[in-house]
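Numbering follows my numbering, with no gaps: position 129 of the sequence shown is 146.
Glycine included, C-beta positions come from ideal geometry on N, C-alpha and C.
For reference, the structure discussed in these notes is given below.
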Amino acid sequence: MLAGATGVTAAALLPTAAGAASPAGGSGRGTAGTLGKVRLRLPGPGGPYPVGTVDLHFVDRSRPDPYVAGQPYRELMVNLTYPARHRGGPVAPWLTPGWAAAADEIFAFATAPQPANLVDWAGTPSHAVAGAAAREPGDGWPVLMYQLGHWGSHSTNRSEIEDLASRGYVVVTFEPTHETPVVFPGGRLVPQHPAANPPNDDRYSPEFLAYVRHIYASRTADARFVLDRLAALNARELPGGLRAGLDLGRIGAFSGITGAGLMTLTLMAADERVRAGAIGDTDVGFPTADGGWLPLAPVVEQGLSRAVLAIRPGSAYGAANPMWDRQWSALRGWRRELELAGGGMGWCSDLQTVLPQVRRGLGLPADAHAAMIGTVAPAAAVAATRAYQAAFFDLHLKGRPTRLFSRPSASHPAVRLAR
């Protein structure tokens, strides 16, 4: 979870935004764009519905900000991505305004030794139409809460979010204010705050452990507040048809990398409204100076009785955390663990398709991003992520049976059913 030390780090890259950008194509080769910069393309959604997106400003006046002393409230920029009524219209950009403003710093790792401003990060479009009217089903769309890692943004899981929306889900997520740059209404930029950085470099210190646990507690409170606020929204606050499309009786959660898996498990333990959770890593323990391990959150030992899908990359990065077996034994509901052969650190993020385009566009060495994206073919990683996540939520939130978790799939040979 905490691979970096200060600032927004590449280790936290996990993905929406308001405003318009030019329409996008599929996932392809990086091409020359604005002023000769490399232009990027994200893979389009794979479901039957077009996708819309909207940003909302929520303020929680019941608790102080967890990072800024003296701020008696917590404010968040929240994003909803959902099945749209029609295709067409101005699409939202890939990056949030906060990340677009800091993109050259955030993505410096991706272009090194060349400068990051050779890539048109801010001009990369998503596939979601900003403010589109929502498609209204008879019984509402299930709601999925996306949880991201520390210092992260939901920008870098934009494709995953849009794909789930295109399959009949409303995906809700929020930018963790003060952990990452956030732009609020009126163009007010709130940068990352020093208080969101580790207290020291000693990962074995009690202060460091307390810091990590504080992050999980803060994020859980954020997510629960957002779910509460969604229930209180009226139709005038949302694009047409969206309020009626929210089925808050069917809620799931999912997460990507860098410790975000435990974010989802912790939320599930705290809020029984979340019926199913899919996680992208198994980092649930904290190393101690004597070679032992401590659970990062009570859920590791107390467990859950609801459905959990764990998918981790089959590489050194994805090796099961020593505390994971303890967490696994405490999962008392439906559970499956999958392994993606050759997956790297960013296996389930947009980096899987974006970084190869950067490498080709800038002529970087073939192994420039090996640690981040691994050796699995990007298209195979994207297809597997989409298939297994959709099948999981379709099973547990829509009651649609599947055989995908009972035997190996010829369509996804890189996926191993671990247990």
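Local Cβ density within 10 Å of L326, reported as buried at 16 or more and exposed below that: buried
Nonlocal neighbours in the same chain, by C-beta distance under 6 Å from T237, ignoring five residues either side: T283, L284, A287
Cα-Cα separation, A358 to L372: 19 Å
Candidates G105, V200, L59, A119, of which the one nearest M94 by Cα: V200
E192 - partner residues in DSSP beta bridges: M94
S183 vs W116 beta-carbon contact at 8 Å: no
Enclosing alpha helix (DSSP H) for F225 [first to last residue]: 223-249
DSSP three-state assignment for A427, whether helix, strand or coil: coil
Residues near L368 in its chain [Cβ-Cβ closer than 7 Å; skip 5 each side]: L30, T173, M389, I390
Nearest neighbour of G378, chosen from F409, L161, L135 [CA to CA]: L135
At least 3 beta-carbon pairs within less than 8 Å: the stretch 142-150 vs the stretch 89-109: yes
The stretch 299-316 / the stretch 254-262 touching (three or more Cβ pairs under 8 Å): no
Residue(s) in a DSSP beta bridge with I438: No information on residue 438 is available, as it lies outside the stretch 18 to 436 that the chain covers here.
Inter-residue Cα distance where the pair is P382 and S366: 21 Å
Straight-line gap, G360 to A431 (C-alpha atoms, nearest Å): 9 Å
Range of the contiguous beta strand (DSSP E) that encloses D121: Careful: D121 lies outside any beta strand (DSSP E), inside the alpha helix (DSSP H) at 120-123.
Contact belief for Y233 with A314 at Cβ below 8 Å, rounded distance in angstroms: 5 Å
Inter-residue spacing [alpha-carbon to alpha-carbon] between P83 and R290: 24 Å
Those runs of the beta strand (DSSP E) which lie wholly inside the stretch 347-372 and span at least 3 residues: 352-358
Closest residue to L265 among P65, E196, A249, S235 (Cα-Cα distance): A249
Under the three-state DSSP convention, the category R205 falls into: strand
Start-to-end residues for the beta strand (DSSP E) that takes in T70: 68-77
Pairwise C-alpha distance: A401 and H429: 6 Å
Contacts around F422, its chain only, beta-carbon distance under 6 Å, and the 5 residues preceding and following it disregarded: R353
G409 (DSSP reduced to helix, strand or coil): The question names Gly, but residue 409 is Phe in the sequence shown. Residue state, collapsed to three classes: helix.
Option nearest V160 by Cα separation, candidates T98, P132, F75: T98
Distance, R420 Cα to G148 Cα: 37 Å
P395 in three-state terms, based on DSSP: helix
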